[in-house]
Every structure is written in C-alpha cells, then in structure tokens.
Amino acid sequence: MHIHKNDTVLVISGNAVGKQGKVLKVFPDRNRVIIENVNIVKRHARPNQKNPQGGIVQKEGPISASNVMVICPKCSEATRVGHAHVTDATTSRRKTMRVCKNCNEMF
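Per our numbering, the very first residue in the sequence shown carries number 98; after that it's consecutive.
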C-alpha cells in the first residue's frame with residue numbers, strides 16, 4: 098500500500114475533496130485509511146463507564162486509499178509514489194524505499 102501511518106495526505110476525490118490531514122490508521126486488507134479531521138461521522142453511543150452520559154459521538158470514518166495522494170515532505174506537493182530498492186551499507190540488505198515522482202526524493 099502506498100500510504101503509511103503518519104503520512105500527510107490530500108483528499109482528491111469524494112465529499113472531502115481538497116482537505117489535508119495526517120493518516121491515523123491504515124487498513125491494508127480493506128484498502129482504506131482514517132485521516133485526522135476528514136470524513137467525520139456521528140455515532141450513537143450508549144452510556145457506559147467511559148462515557149456515562151452517552152449520546153452522539155463524532156469520530157473519523159475510513160475512506161478509500163485510492164481517494165488520497167501522499168504529500169511529499171520535501172516539495173510539499175501531492176504526488177504519486179514510486180518504489181526504489183536501496184542496499185543498506187552497514188547490513189548489506191536491500192530495503193524498499195518510497196520515492197516522490199515529482200522531485201525523486203526518498204522518504
């Protein structure tokens with residue numbers, strides 16, 4: 098999946114188009130992500146020890162990962178993500194790094 102937790106992303110499709118936020122949770126099996134302050138849904142909660150009053154609770158709902166683009170930390174633009182294989186000098190193991198398609202910076 099091209100999106101990881103704590104990435105800053107831009108919503109490019111759907112009701113929240115144009116909003117930016119930090120990825121809080123990723124569901125790779127369902128191809129969905131939860132983004133901070135995007136796609137706010139209301140849930141009715143019963144009273145319990147944690148929430149003795151109960152009532153309506155607002156929280157972020159998941160949206161499809163195909164509706165968001167990663168914002169590159171270097172060039173600060175929404176970009177497609179490529180992958181590059183890099184050999185680590187100390188352990189001589191290959192790592193897969195994500196690459197910005199605009200500025201070719203690894204992140």
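Glycine included, every Cβ here is placed at the ideal spot set by N, Cα and C. Remember, predicted model here, so these are calculated numbers, not experimental data.
Its Cα nearest to that of I132, the residue I109 stands out among R177, A142, I109. Approximately 4 Å separates the beta-carbon atoms of V165 and V106; this is inside 8 Å, confirming the contact. Around the beta-carbon of D104, 16 or more other beta-carbon atoms lie within 10 Å, marking it buried. Taking R140 as the centre and dropping the five residues before and after it, the same chain places the C-beta of V154 closer than 6 Å to its C-beta, in chain order. The beta carbons of A142 and N148 sit about 6 Å from each other, so the pair counts as a contact at 8 Å.
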